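Some notes on the structure that comes next.
Protein chains: 2
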Amino acid sequence: MHSFETTIGRLRSEGFKLTPQRLSVIRYLIGNTSHPTAAVIYKDLKRKYPSLSFSTVYNTLNMLEKIGEVQSLHLFDDFLNYDPGTEAHHHFVCRSCNSIIDIFPRDAENVSLPEGDISGNRIESAQVVFKGMCRNCL
Amino acid sequence: MHSFETTIGRLRSEGFKLTPQRLSVIRYLIGNTSHPTAAVIYKDLKRKYPSLSFSTVYNTLNMLEKIGEVQSLHLFDDFLNYDPGTEAHHHFVCRSCNSIIDIFPRDAENVSLPEGDISGNRIESAQVVFKGMCRNCL
DNA sequence: CTCAAGTCAATAACTATTCTTAATACCGTT
DNA sequence: AACGGTATTAAGAATAGTTATTGACTTGAG
């Protein structure tokens, strides 16, 4: 996700209205590296916006995903996690505490992925998911 | 998934009974590289076993996953795909035809992933998902 | 063959997400 | 500052893939 100003500028230019609900979700996500679920976002924002609806959280997340400001991650069976990261990166999932840790290219010099084609198929994007035990659980 | 004999041997040794339904699912999956969903497996086997139940397909798949004979893949939003591959490999997902293509290490010499630790987290497994256009859709 | 343990089919239940609807709030225009 | 068209909201119903429940049936060890 870009800065607050950049993000709301993009919303505006795409014709979306700036509602307090949307702004609160955006503020919640900027700089958030915890990969929250929709349920967690809803629960946390509900304190400040008691009338907030679940649908609104989902609608906002879907909208932000459509314009590329967040990414949904299918790392677990039953729910999605949302990642406000915009630059390409990978993820580490701890099998003990289930935390999701961003792995940026600068910290992953040993990760090298092909570009262009693989077995005749044209690659447009690639994502790596590591699983194991995180540093805190070790 | 291993050979038919090896797989049913593992079932037997784990204390599972060998029922015609389970054998049919196992036979269906061995050598199958199409990454079928539970729904597709059910539909196909229903012709030969008209009394087959959806639960049985799911139960069998979950059992096979528990003993490591299949792997469930969360590549799409609304359903799981099942992969009888046992050796480590990656996947290519076509955004046009939605097909899932196995990418084995021998075909992916440009893929290199770290082993051991990354940023202090201990890696136990790693999976790459490529997205793009498959050779047939190009 | 017998019988207990395990499995089956049918269907109800579950849960994350999406859809529906009437009421509301945003914002360009006045 | 107020208006009005229209996108958005809140609440709850609906959806769909998967899992759990239940009572009858089957498997396979002894």
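Just so you know, the protein sequences line up as chains A and B, in that order. Residues in the first sequence are numbered from -11 upward in steps of one, following my numbering. Residues in the second sequence are numbered from -11 upward in steps of one, following my numbering. Every residue, glycine too, gets a C-beta built ideally from N, C-alpha and C. All values reported here derive from a predicted model rather than from experimental measurement.
Q. Where A:Thr21 and A:Glu97 are concerned, what is the direct C-alpha to C-alpha distance, given to the nearest angstrom?
A. 21 Å
Q. Counting only runs that start and end within the segment 87 to 111 of chain A, where is the alpha helix (DSSP H) found for 4 or more residues in a row?
A. none
Q. Considering only the beta carbon of each residue, do B:Arg123 and A:Gly108 sit closer than 7 Å?
A. yes
Q. Any chance the CB of B:Val58 is under 6 Å from a heavy atom of the ligand ZN?
A. Here there are no bound small molecules, and the ligand ZN is not part of this structure.
Q. Would A:Thr74 be called buried (16 or more neighbouring beta carbons within 10 Å of its own) or exposed?
A. exposed
Q) What do you reckon, are the CB atoms on B:Val177 and A:Val81 nearer than 7 Å? A) Here chain B has residues from -11 to 126 only, and residue 177 of chain B is not among them.
Q. When you check each C-beta in the segment 107 to 122 of chain B against every C-beta of chain A, which residues fall closer than 8 Å?
A. Ser107, Gly108, Asn109, Arg110, Ile111, Glu112, Ser113, Ala114, Gln115, Val116, Val117, Phe118, Lys119, Gly120, Met121 and Cys122
Q.
Can you confirm whether A:Asp66, when its beta carbon is compared against all beta carbons of chain B, has any partner nearer than 7 Å?
A. no
Q | 7 Å Cβ cut-off: residues of chain A touching B:Phe(-8) | A | Neighbours of B:Phe(-8) on chain A: none; closest Cβ ~28 Å, over 7 Å.
(Q) If the criterion is Cβ atoms closer than 7 Å, does the pair B:Ala26 and B:Val45 meet it? (A) yes
Q.
For B:Thr(-6) and B:Arg94, I'd like the C-alpha separation in whole angstroms.
A. 25 Å
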